[in-house]
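Number of protein chains: 2
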Amino acid sequence: MIKQYLLSPGPTAVPERVLLRMAQPMIHHRTPQFSAIFAETKQMLEEVFQTKNDALMLASSGSGAMEASVVNLCSPGDTIIYVNGGKFGERWGKIAAKHGVRAVEIKVEWGSAVSVDAVAAALADHPEAKGVFVQASETSTTTEHPIREIAALTAKMDGCVTVVDAITALGVIDMPMDDWGLDVVISGSQKAFMLPPGLAMIACSEKYWKLAESASCSTFYFDLATERKSQMKGKDTTAWTPAASLIIGLNEVLKMMREEGMAALYARHALLAKATRAGLTALGMKLVSSAPATSATGAFVPEGVDGAAFVKYLRDTMGVTFAGGQDHLKGKIVRVAHLGYYDLFDIITAISAIEIALDRFGAEVTMGAGVAAAQRVLADRFDKV
Amino acid sequence: MIKQYLLSPGPTAVPERVLLRMAQPMIHHRTPQFSAIFAETKQMLEEVFQTKNDALMLASSGSGAMEASVVNLCSPGDTIIYVNGGKFGERWGKIAAKHGVRAVEIKVEWGSAVSVDAVAAALADHPEAKGVFVQASETSTTTEHPIREIAALTAKMDGCVTVVDAITALGVIDMPMDDWGLDVVISGSQKAFMLPPGLAMIACSEKYWKLAESASCSTFYFDLATERKSQMKGKDTTAWTPAASLIIGLNEVLKMMREEGMAALYARHALLAKATRAGLTALGMKLVSSAPATSATGAFVPEGVDGAAFVKYLRDTMGVTFAGGQDHLKGKIVRVAHLGYYDLFDIITAISAIEIALDRFGAEVTMGAGVAAAQRVLADRFDKV
Chain A
-8 MIKQYLLSPG
2 PTAVPERVLL
12 RMAQPMIHHR
22 TPQFSAIFAE
32 TKQMLEEVFQ
42 TKNDALMLAS
52 SGSGAMEASV
62 VNLCSPGDTI
72 IYVNGGKFGE
82 RWGKIAAKHG
92 VRAVEIKVEW
102 GSAVSVDAVA
112 AALADHPEAK
122 GVFVQASETS
132 TTTEHPIREI
142 AALTAKMDGC
152 VTVVDAITAL
162 GVIDMPMDDW
172 GLDVVISGSQ
182 KAFMLPPGLA
192 MIACSEKYWK
202 LAESASCSTF
212 YFDLATERKS
222 QMKGKDTTAW
232 TPAASLIIGL
242 NEVLKMMREE
252 GMAALYARHA
262 LLAKATRAGL
272 TALGMKLVSS
282 APATSATGAF
292 VPEGVDGAAF
302 VKYLRDTMGV
312 TFAGGQDHLK
322 GKIVRVAHLG
332 YYDLFDIITA
342 ISAIEIALDR
352 FGAEVTMGAG
362 VAAAQRVLAD
372 RFDKV
Chain B
-8 MIKQYLLSPG
2 PTAVPERVLL
12 RMAQPMIHHR
22 TPQFSAIFAE
32 TKQMLEEVFQ
42 TKNDALMLAS
52 SGSGAMEASV
62 VNLCSPGDTI
72 IYVNGGKFGE
82 RWGKIAAKHG
92 VRAVEIKVEW
102 GSAVSVDAVA
112 AALADHPEAK
122 GVFVQASETS
132 TTTEHPIREI
142 AALTAKMDGC
152 VTVVDAITAL
162 GVIDMPMDDW
172 GLDVVISGSQ
182 KAFMLPPGLA
192 MIACSEKYWK
202 LAESASCSTF
212 YFDLATERKS
222 QMKGKDTTAW
232 TPAASLIIGL
242 NEVLKMMREE
252 GMAALYARHA
262 LLAKATRAGL
272 TALGMKLVSS
282 APATSATGAF
292 VPEGVDGAAF
302 VKYLRDTMGV
312 TFAGGQDHLK
322 GKIVRVAHLG
332 YYDLFDIITA
342 ISAIEIALDR
352 FGAEVTMGAG
362 VAAAQRVLAD
372 RFDKV
């Protein structure tokens, strides 16, 4: 037996009580029983979004909600601005292209956060832009972008909104949608929400809904106005058949989040991220990001080590699943997740596994150095006796 | 305690072994482990579709796959023909309208099957039509349409295909996709596939793929050519994050179907449908459909009984969930499902519950008459000793 550990930035581990809740007998989704669960779930979800807007649930992956955010805002020929600093940023451009929307790219070096000045300059060059599309946390490079500052720029414009892919940020960092003036926040089930994939969430501001009225891009399944009418308080249902078992699982997840308390949850994530950075750095590994995310940490494997073989070895021989790199980072990095159902000793497991694997790959490593560095950070969790 | 029975035509009951399979710890979907499950599942799924084409899996409800079948075939301004004999038939027209596709409606009285002549006439009037869109089983009226005969009409045309929504037909009736020349077959997880909702399946013929090359309707998430490239044999993955737990559940479901054998599965469904019709008819209830489906049976409640209250009473007081009627059938009918994880005594439960409820609602009913009629049919399942 090789015990298995899932430490990738999505899917993340699903808590046992959530797995068991979802394993209960199926109920019909067009019943008061389901509507009661739906309404309660939606309300708790809106607390995590920190919004008075509707947090809508879609039966799709996060990419579906990303497309929804574009097509419900734009008409063919419209202009949007997007931050491309990784695989997910790049996707905005691909979605826009499919719908005949002109996408102005702000190219950012992988591992760097976008500069707010670059966004301001793009907005000055393109006052016609309907929105700035950006990741709160770009998972491919484990980098956080300054979404609050970007939202402050579009807040001054009548016809332009800030759309945030927070798929690996919501429920990880404190990002109050309404306070920060984020117009759209998107998330997905298989990240901080600790569920299997297949459920996306999206909340939109009144400013967005207003602009959406004149949008003419074509969609049937992702028509958010139709979903909003169905999902609003008192209706408590969905336009199309919902991913019911995931919504029931989400109900359980949100209760767990409430029990922990959001402040404690954000502090836990921040501590785990800090400890991971300390551990990997102590092993001589260079971080991928200069604005490292709270959700996951990417680090370069040492020169001479084949990163793809390294990640495969960890998974197949040692039972520990991390993510590797994508595109030009393929074979060069390892990404350690710490969002969702993770705590201190998951980080110790992660760092220890990487230490052992580095040793097995013939890299120079002081056994225990990474774990010790992580421990020094994690010890802060407990008061001295 | 009121023991609960789910006898609605979607969601249907999920077998215990499938619930438990899905409750296993999460695995990553970009791994050889998941790809092996994916490849095996897809192959078994194609056996149920009875096709050499790729059966693609989408993280969406069936409505998403319906939209996919339209947008990947058509360009704005194209014409399609659709059969509207109920709520789901109507949906083709709504999807087409969203994408600027001209939809020629063949209106069919609710509860009737479309006449093949009417389809032939529409095709003669509209030789420019890219496709005929039809339900194999229209769930809202529990009616089967003659899909084989319709496919034979479009088979003679170079530029027109038959697109079949088989969401409540695939895995219920024997409908060999390739033998019958069906160009597109669509299904969903929460019907005969005995899973929670959130996974759609779609297979397309070479003729469809050829026509799809020139389609220019806009979609990103439902771009089937992109999905096909990812899901093809040897690639064994999905373009976007898959509904992984449902695919793992589907793997278990398809093994159950193999164990039963498809001939036995079709025979079981046919027998349950026949027994349900016999039971309801013996209670003096009139069937909704003159071409009744094998998936579910709709019947009118007696004059003077409020059908909505009747279905609610069965669910809330007696613990048995059926579906009621939609639109102008609202409050007039009850729909009993018999697709998926159902067997003899589920039908006895259904008929018995309706008998008792009829009695409680003051309708004239001979206690046991419906059950006896159903039993006479179901007894055929067992050889005489």
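Residue numbers (the numbering used here), protein chains in the order written: chain A, -8 to 376; chain B, -8 to 376. Using N, Cα and C, we set each Cβ at its ideal position, and we do this for glycine too. From a predicted model like this one, the values you see are computed outputs, not experimental measurements.
Let me see if you follow: with CB-CB separation under 8 Å, is residue i close to chain B or not?
i                      : result
residue 85 of chain A  : yes
residue 10 of chain A  : yes
residue 306 of chain A : yes
residue 175 of chain A : no
residue 20 of chain A  : yes
residue 90 of chain A  : yes
residue 53 of chain A  : yes
residue 30 of chain A  : no
residue 276 of chain A : no
residue 132 of chain A : no
residue 4 of chain A   : yes
residue 103 of chain A : no
Using beta carbons (cut-off 8 Å, strictly below), is residue i in contact with chain A?
i                      : result
residue 187 of chain B : yes
residue 195 of chain B : no
residue 65 of chain B  : no
residue 212 of chain B : yes
residue 171 of chain B : no
residue 168 of chain B : no
residue 366 of chain B : no
residue 231 of chain B : yes
residue 222 of chain B : no
residue 205 of chain B : no
What are the partner residues of residue i, as DSSP defines its beta bridges?
i                      : result
residue 48 of chain A  : A/192
residue 72 of chain A  : A/95 and A/123
residue 64 of chain A  : Per DSSP, none; premise fails for residue 64 of chain A.
residue 176 of chain B : B/155 and B/194
residue 283 of chain A : A/134
residue 128 of chain B : B/135
residue 296 of chain B : Partner(s): none; residue 296 of chain B has no beta bridge.
Mapping DSSP to helix, strand and coil, what is residue i?
i                      : result
residue 108 of chain B : helix
residue 278 of chain A : strand
residue 328 of chain B : strand
residue 333 of chain B : coil
residue 162 of chain A : coil
residue 23 of chain A  : helix
residue 237 of chain B : helix
residue 291 of chain B : strand
residue 205 of chain A : coil
residue 145 of chain A : helix
residue -4 of chain A  : strand
residue 312 of chain B : strand
residue 378 of chain B : Residue 378 of chain B falls outside the range modelled here, since chain B spans only -8 to 376, and no answer is possible.
residue 319 of chain A : helix
residue 345 of chain B : helix
residue 171 of chain B : helix
residue 244 of chain B : helix
residue 373 of chain B : coil
My assumption, with CB atoms under 8 Å, is that residue i sits in contact with residue j. Please give the rounded CB distance.
i                      : j                      : result
residue 215 of chain A : residue 59 of chain A  : 6 Å
residue 136 of chain A : residue 142 of chain A : Their Cβ separation, rounded to whole angstroms, is 11 Å, which puts residue 136 of chain A and residue 142 of chain A out of contact at 8 Å.
residue 326 of chain A : residue 287 of chain A : 5 Å
residue 239 of chain A : residue 13 of chain A  : 6 Å
residue 133 of chain B : residue 279 of chain B : 6 Å
residue 113 of chain B : residue 97 of chain B  : 5 Å
residue 90 of chain A  : residue 67 of chain A  : 6 Å
**Item:** At least 3 beta-carbon pairs within less than 8 Å: the region 236 to 246 of chain B vs the region 72 to 87 of chain A
**Value:** Because the criterion of three Cβ pairs below 8 Å is not met, the region 236 to 246 of chain B and the region 72 to 87 of chain A do not touch.
**the region 95 to 112 of chain B in contact with the region 67 to 77 of chain B per 3-pair CB rule at 8 Å** = yes
**Prompt:** Hey, is the region 185 to 205 of chain A in contact with the region 192 to 211 of chain B, meaning 3+ C-beta pairs nearer than 8 Å?
**Reply:** The region 192 to 211 of chain B and the region 185 to 205 of chain A do not touch, with fewer than three beta-carbon pairs separated by less than 8 Å.
**Segment contact, 8 Å Cβ cut-off, at least three pairs: the region 352 to 369 of chain B with the region 288 to 308 of chain B** = The region 352 to 369 of chain B makes contact with the region 288 to 308 of chain B: 3 or more CB pairs, one atom from each, lie closer than 8 Å.
**Message:** Using 8 Å as the cut-off, can you tell me whether the region 295 to 303 of chain B makes contact with the region 255 to 273 of chain B, which would need three or more C-beta pairs spanning the two stretches below that distance?
**Reply:** Cβ pair count under 8 Å is below three, so no.
**Message:** Counting beta carbon pairs with one atom in the region 151 to 168 of chain A and one in the region 21 to 29 of chain A, are three or more of them shorter than 8 Å?
**Reply:** Not touching, per the Cβ criterion.
**Prompt:** Between the region 45 to 57 of chain B and the region 338 to 345 of chain A, are three or more C-beta pairs nearer than 8 Å?
**Reply:** no
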